[in-house]
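From first to last, the protein sequence lines stand for chains W and A. Going by the working numbering, the letters in the first sequence line up with residues 38 to 276, in that order. Going by the working numbering, the letters in the second sequence line up with residues 38 to 276, in that order. No residue lacks a Cβ here, since even glycine has one placed at the ideal position from N, Cα and C. What you are looking at is a predicted structure, and each value in this text was computed from that prediction instead of being measured.
Protein chains: 2
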Amino acid sequence: LEAALSRLFAEGVKVTGAGRTDSGVHASGQVVSLSTARRFPFERLGVALNSVLPPDCSVREAAIVESGFSARFSASERTYVYAILNRAQPDSLLARYAHHVSAQLDLGAMRAGATRLVGRHDFRSFCALPALEPAPSTVRTVRRLTIESQGELIRVEVTADGFLRHMVRTIVGTLLECGRGRRDPSELQATLAGADRSVAGPTAPARGLCLAGVRYRDGYDSFAEPPVFGGRSALRLDA
Amino acid sequence: LEAALSRLFAEGVKVTGAGRTDSGVHASGQVVSLSTARRFPFERLGVALNSVLPPDCSVREAAIVESGFSARFSASERTYVYAILNRAQPDSLLARYAHHVSAQLDLGAMRAGATRLVGRHDFRSFCALPALEPAPSTVRTVRRLTIESQGELIRVEVTADGFLRHMVRTIVGTLLECGRGRRDPSELQATLAGADRSVAGPTAPARGLCLAGVRYRDGYDSFAEPPVFGGRSALRLDA
């Protein structure tokens, strides 16, 4: 994206992204902001970018915003959606977008675990911490954490004010242990209290994860359902 | 698939596929048959294969069939589904599974063209012919050809007794010319009669195409809706 923008503007451009998308993680609702002094027909920026971007990156819309807006710092919450294919056989056509789990999962146990994670907690057990001194705060507020079954797919949606590195994937990996009967959901309070990565479950694979939307203080919400759940750019605007 | 089978059976295995899937074409309902003298717990063959296949190839089910059955020659009809994303912006998460067309398409014109192609015709204009002497028959019977809108996606389904090389992609490329107003649907009878590849439209890209199902004389139908249309291994069995 920065290469495409730099080409269009004929100057080096840096963008600020709203949310993490590690290697292998998808995004249907990513938001980025940038600042430039160049003149450009900005109403045509989306089309111009899509004509030079590679197929694995596309722009839904572009807009001029007030000065001081930051895709990252003006955001009030982010929503990630994680896809699990829960059936005996894998599905090659979903392999890039869903984590295949062949063991039958107990959704009730996963939901019972999820309720323990909602709220303001120290999520140190659920993140890959960078070695920084002083250590940054690992307290975050998970506002919603829902687990739904859609045929053979399980859809996990997590909304929080912010996320730590690998946080959603570690939450999902830990809830999958509950779903497999390997971890009692009531343990998750102790898992949070342990404040150490080793007490949580494994990090679920990147491929199932999608940054689905970012909400801003003015009410704008970039949410778009990932295609694996049948969503195609259906914007959830409730501003 | 042959490499995986050869590994499991510890002998060279050749399979017979029911329908064409050129490079870049997907399959949600492909059927293959093979013959082996090896003893194997065949009820476990699907699981065993999925454990050694690469992620881009997976097996839904395996079964022992009567001798003389051929996935190709016992088939009575094949169904392909072609996906078109028809909106201004591309969508990276659909890029591998749908052909993006930004110009607004006239579905009525596409359907009017489609009706001209249903039935028993010489589809020589709609295929890439191999240089064989004597030239093989290019007469095929298209039993159904439907065009539906699903939000921003257009779903083209073609069922025929058999297909020639590039036949669905050339049909779609030609119908897209109708949808763009560049070819009058009533011309398609003349396009068929021309019996020359140069009179039909361009070959639509492979990525939008999926071999969705194969029907057999005993009523078995392997149809599975491609994931891009929300289908996940939903078998359409009406035997």
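Item, Value
"Closest residue to Arg153 (chain W) among W:Gly66, W:Ile191 and W:Glu224 (Cα-Cα distance)", "W:Glu224"
"Which residues DSSP lists as bridging Leu190 (chain A), in chain order", "A:Leu122 and A:Gln187"
"Under the three-state DSSP convention, the category Arg180 (chain W) falls into", "strand"
"Cβ shell of Arg220 (chain W) (< 6 Å), same chain only, five flanking positions each side left out", "Glu214"
"Boundaries of the beta strand (DSSP E) in which Cys247 (chain A) is found, first to last residue", "Leu246 to Tyr253"
"Per-residue DSSP class, three states only, for Gly49 (chain W)", "coil"
"Assigned exposure category for Ile101 (chain A) - 16 Cβ within 10 Å defines buried", "exposed"
"As assigned by DSSP and simplified to three states, the class of Arg115 (chain A)", "strand"
"DSSP-derived helix/strand/coil call for Thr228 (chain W)", "helix"
"Residues of the stretch 88-110 of chain W whose Cβ lies closer than 7 Å to any Cβ of chain A, in chain order", "Pro92, Asp93, Cys94, Ser95, Val96 and Arg97"
"Endpoints, beta strand (DSSP E) assigned at Val138 (chain A)", "His136 to Val138"
"Asp258 (chain A) versus A:Gly66, A:Tyr117 and A:Ala120, residue with shortest Cα-Cα distance", "A:Gly66"
"Terminal residues of the beta strand (DSSP E) in which Arg157 (chain W) lies", "Gly156 to Asp159"
"Counted within 10 angstroms of its Cβ, other Cβ atoms place Glu194 (chain A) as buried (16 or more) or exposed", "buried"
"Proximity winner among A:Val84, A:Glu39, A:Ser107 and A:Glu103, relative to Arg25 (chain A) (alpha-carbon distances)", "Any question about residue 25 (chain A) goes unanswered here, given that chain A covers just 38 to 276."
"Members of the stretch 54-65 of chain A near chain W, C-beta cut-off 9 Å", "His63, Ala64 and Ser65"
"Cα-Cα separation, Gly267 (chain A) to Pro263 (chain W)", "11 Å"
"C-beta neighbour in chain W for Val265 (chain A), strict 8 Å", "yes"
"Leu71 (chain A) vs Val52 (chain A) beta-carbon contact at 8 Å", "yes"
"Reduced DSSP secondary structure (H/G/I, E/B, other) of Thr196 (chain A)", "strand"
"Distance, Glu48 (chain W) Cα to Tyr134 (chain A) Cα", "34 Å"
"Three-pair Cβ contact test at 8 Å for the stretch 53-61 of chain W versus the stretch 199-207 of chain W", "yes"
"Strand pairing of Gly54 (chain A), partner residues [DSSP]", "A:Val69"
"Contact between the stretch 109-120 of chain W and the stretch 148-163 of chain A (3+ Cβ pairs under 8 Å)", "no"
"Proximity to Ala112 (chain A) [Cα-Cα], best of A:Arg180, A:Leu144 and A:Val68", "A:Val68"
"Own chain, CB closer than 8 Å to Gly218 (chain W), minus 5 neighbours either side, in chain order", "Asp143 and Ala146"
"Min CB distance Gly250 (chain A) to chain W below 8 Å", "no"
"Pair within 8 Å by beta-carbon distance, Ala241 (chain W) and Thr116 (chain W)", "no"
"DSSP state of Ala64 (chain A) mapped onto helix, strand, coil", "strand"
"Residue nearest to Leu182 (chain W) in terms of C-alpha spacing, selected from W:Ala40, W:Ile191 and W:Ser174", "W:Ile191"
"Gly83 (chain A): contacting residues in chain W (beta-carbon distance under 7 Å)", "Gln126"
"Test: Ala132 (chain W) CB closer than 8 Å to a CB of chain A", "yes"
"For Arg206 (chain W) and Ala232 (chain W), believed in contact at Cβ under 8 Å, the rounded distance", "No, Ala232 (chain W) and Arg206 (chain W) are not in contact; Cβ-Cβ is about 18 Å, not under 8 Å."
"From A:Ala151, A:Ser174, A:Glu170 and A:Glu189, residue whose alpha carbon lies closest to that of Arg180 (chain A)", "A:Ala151"
"Within chain A, partners of Ser129 (chain W) - CB distance below 7 Å", "Pro92, Asp93, Cys94 and Ser95"
"Whether Ser139 (chain A) touches Ser95 (chain W) by CB criterion (8 Å)", "no"
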